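Colleague:
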Amino acid sequence: MGKLRLIKTCFIAALLAAVNFSIAQIPDHIYTQNIASVKLFRASDIYSYPIISLNSPDALELHFDDLDADYKNYYYTFQLCDADWTPVTLSAFDYISGFRSNRITTYRYSSLSLVRYTHYQAVLPDRNCKPTRSGNYMLKIFLNNDTSKLVFTKRMLVVDNKATVAAQILQPFNSSVYMSHQKVHTSVTTQPTVNISTPQDIKLVILQNNVWPTANYILRPNIYRGNYFEYTDEAQTSFPAGKEWRYINLLSFRLLSDRMLRIDNKPAHTDIYVKPDADRAQQVYFYYRDLNGSFTIENSDGYNPYWQGDYAYVHFSYFPPGNRPYEGRDVHLFGELTQFYIDDSSRMEFNTERGAYEKTVLLKQGFYNYSYVTVSDKNKDTDKPIFDNTEGNYWGTENSYMVLVYYRSFGSRADELIGYARLNSAFQRQ
Numbered sequence: 001m002g003k004l005r006l007i008k009t010c011f012i013a014a015l016l017a018a019v020n021f022s023i024a025q026i027p028d029h030i031y032t033q034n035i036a037s038v039k040l041f042r043a044s045d046i047y048s049y050p051i052i053s054l055n056s057p058d059a060l061e062l063h064f065d066d067l068d069a070d071y072k073n074y075y076y077t078f079q080l081c082d083a084d085w086t087p088v089t090l091s092a093f094d095y096i097s098g099f100r101s102n103r104i105t106t107y108r109y110s111s112l113s114l115v116r117y118t119h120y121q122a123v124l125p126d127r128n129c130k131p132t133r134s135g136n137y138m139l140k141i142f143l144n145n146d147t148s149k150l151v152f153t154k155r156m157l158v159v160d161n162k163a164t165v166a167a168q169i170l171q172p173f174n175s176s177v178y179m180s181h182q183k184v185h186t187s188v189t190t191q192p193t194v195n196i197s198t199p200q201d202i203k204l205v206i207l208q209n210n211v212w213p214t215a216n217y218i219l220r221p222n223i224y225r226g227n228y229f230e231y232t233d234e235a236q237t238s239f240p241a242g243k244e245w246r247y248i249n250l251l252s253f254r255l256l257s258d259r260m261l262r263i264d265n266k267p268a269h270t271d272i273y274v275k276p277d278a279d280r281a282q283q284v285y286f287y288y289r290d291l292n293g294s295f296t297i298e299n300s301d302g303y304n305p306y307w308q309g310d311y312a313y314v315h316f317s318y319f320p321p322g323n324r325p326y327e328g329r330d331v332h333l334f335g336e337l338t339q340f341y342i343d344d345s346s347r348m349e350f351n352t353e354r355g356a357y358e359k360t361v362l363l364k365q366g367f368y369n370y371s372y373v374t375v376s377d378k379n380k381d382t383d384k385p386i387f388d389n390t391e392g393n394y395w396g397t398e399n400s401y402m403v404l405v406y407y408r409s410f411g412s413r414a415d416e417l418i419g420y421a422r423l424n425s426a427f428q429r430q
């Protein structure tokens, strides 16, 4: 009887551990309220996406703030994932060389700011903890070398270049999306060392503006000849073009920028009110330079933006047509400032007295892009965010695209990232 009880206890513990493991596998997600301003990019290039080549000296910079303003022992590790960001079943020793985790030792307390915080940074991968396989990786930051105390996750890519990718942005032929979408025509040629047995050995993922929630996953090519693959299906390779991202300049908390309505300086913090935004779906498109949804940490009031930048509560408001809420749809503040994530932390509340959607976000000094998107209020876990109701779509909009090529050989238990290409639609503007 005691042996049976022990077996049941072990089974329940294993089940709970599996549930906790699955819950803690959301890429680009912050799990604790004291963490802010998470940035991961290629070393010395604040505008880049975190992608490195396998077995190369490429490095990434990680920056984040702890608003508790004390010192903590933060560690990082890597979790290998498949193309759809499902964690693989391999042991960490199969894709990490050296220690499974590494401590973040570089930190500095904030100065010249009302809001106190501790800034942490790291250059990775470290020689004592680095990936040994290509693919999708979740960078996982946790506390006190305890993997159950997950703090946040960030996506990063490791590529082993074994394929040549040629891509071109075209206007779709379909008349219903001719003026609102962009098509990414792609061809892939793999090296002879890549053993292709069926067309399904190759997967294609296309991202618009590095946004994974709206990515297109393509499992079969339209043309397949040996080691050559071509993807031309407009239903799979087309994206709503949107419009240039809205922006707010927060480099200074002393001077009003062009999108600020007012600045309220209080003893303990600062409130900044952004000029009210309106529906752009029916407005004429015009071009201006943007960051395609991302943000940068910058500061014109101090010297170093990472530990001398201040924080402010930034108030956004969006007025829908007729000052009435959208029926059956929620409005979300969308961009890297909300991790491109659709949940309660990005959902805007409708103020019936003002007839506007409102959202307040704590942001560090910098330059921010954002948009408003809508999702179904019933199927928001599966519904892709769209710009149709709030921003509109114009095919000539400047967007950046990234094409990723994944390969899984027969019997393999993980997807390899064997090629990628980046391209921009700016030359298509009319």
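Here my numbering is used: position 271 in the sequence shown is 271, and no number is missing along the way.
Virtual Cβ for every residue (Gly too), placed ideally from N, Cα, C.
This structure is a prediction, so every number in the text was calculated from the model and none was measured.
#1: In whole angstroms, give me the CA-to-CA distance for A43 and L60.
#2: Cα-Cα, which of G419, A92, P27 is closest to S187?
#3: Count the other C-beta atoms from every protein chain shown that fall within 10 angstroms of the C-beta of G342, then say buried if there are 16 or more, exposed otherwise.
#4: Compare the beta carbon distance of Y313 and L362 with 7 Å and say whether it is the shorter of the two.
#5: On a CA-only basis, which of S409, V274, V331 is nearest D383? Give me that one, please.
#6: Rounded to the nearest angstrom, what separates Y311 and E234 at their Cα positions?
#7: Over the uninterrupted alpha helix (DSSP H) stretch that includes A356, give me the two end residues.
#8: Taking S180 and A278 to be in contact with their CB atoms under 8 Å, please state how far apart those CB atoms are, rounded to whole angstroms.
#9: Along the chain, where does the alpha helix (DSSP H) that runs through T237 open and close?
#10: Determine the extent of the alpha helix (DSSP H) in which P305 is found, giving its start and end residues.
#11: For L4, which residues in the same chain have their Cβ closer than 6 Å to its Cβ, ignoring the five residues on either side in sequence?
#12: Three Cβ pairs or more, each shorter than 8 Å: is that satisfied between the stretch 130–145 and the stretch 82–92?
#13: Under 7 Å, do F295 and E336 count as touching if we go by C-beta distance?
#14: Classify H244 as buried or exposed, calling it buried when 16 or more other Cβ atoms lie within 10 Å of its own Cβ.
#15: Could you work out which residue in Q171, I263, A166 is closest to R422 when comparing CA atoms only?
#16: With H, G and I counted as helix, E and B as strand and the rest as coil, what does DSSP make of G322?
#17: How long is the line joining the alpha carbons of F229 and T360, rounded to whole angstroms?
#18: Leaving out five residues before and five after S300 in sequence, what residues of the same chain have Cβ atoms less than 6 Å from its Cβ?
#19: Tell me which residues share the same chain as N145 and place their Cβ nearer than 8 Å to its Cβ, disregarding the 5 neighbours each side in the sequence.
#20: Give me the DSSP bridge partner(s) of G135.
#21: Helix, strand or coil for E61? Go by DSSP, reduced to three states.
#22: Helix, strand or coil for P199? Go by DSSP, reduced to three states.
#23: Whose C-beta lies closer than 7 Å to the C-beta of S48 among residues of the same chain, with five residues either side of it excluded?
#24: Might you give, ordered along the chain, the residues of its own chain that have their beta carbon closer than 8 Å to the beta carbon of T89, omitting 5 neighbours on each side?
#25: Would you mind working out which of I196, S238, R225 sits nearest Q208, comparing C-alpha positions?
#26: Comparing alpha-carbon positions, which option in L124, V205, W307 lies nearest S110?
#27: In chain order, which continuous runs of the alpha helix (DSSP H) of length 4 or greater are located wholly inside the stretch 203–291?
#28: With distances taken Cα to Cα, identify the nearest neighbour of N222 among S197, H185, V211, T193.
#29: How about the stretch 25–36 and the stretch 140–158: do they share at least three Cβ pairs that are nearer than 8 Å?
#30: Hey, out of R225, F286, H315, K378, whose CA is closest to A426's CA?
#31: Are the beta-carbon atoms of E298 and F340 separated by less than 7 Å?
#32: With a CB to CB cut of under 6 Å and the five nearest residues on each side skipped, what residues in its chain are close to G98?
#33: When the Cα atoms are used, what is the spatial distance from N55 to R280?
#34: By alpha-carbon positions, which one of H63, T32, I46 ends up nearest to L38?
#35: DSSP puts P87 in a beta bridge; with which residues?
#36: Relative to the alpha-carbon of P325, which residue among I218, Q365, T374 has its alpha-carbon at the smallest distance?
Modeller: If we stick to the structure as given:
#1: 5 Å
#2: G419
#3: The sequence given here places Ile at residue 342; Gly does not occur at that position. Buried.
#4: yes
#5: V331
#6: 44 Å
#7: Counting along the chain, A356 falls outside any alpha helix (DSSP H), though it belongs to the beta strand (DSSP E) covering 356–364.
#8: 20 Å between Cβ atoms; not a contact.
#9: 234–237
#10: 305–308
#11: Note on L4: pLDDT 46, under 50, position unreliable in the model; no value is reported.
#12: yes
#13: yes
#14: With the sequence shown as reference, residue 244 is identified as Glu, and His is not the correct amino acid for it. Burial call: buried.
#15: A166
#16: helix
#17: 46 Å
#18: L251, S252
#19: N73, Y75, S101, R103
#20: V158
#21: strand
#22: helix
#23: F41, R42
#24: R413
#25: S238
#26: W307
#27: 234–237
#28: H185
#29: yes
#30: F286
#31: no
#32: N128, C129
#33: 46 Å
#34: Contrary to the premise, residue 38 reads as Val rather than Leu in this sequence. Here the closest residue by C-alpha is H63.
#35: C81
#36: T374
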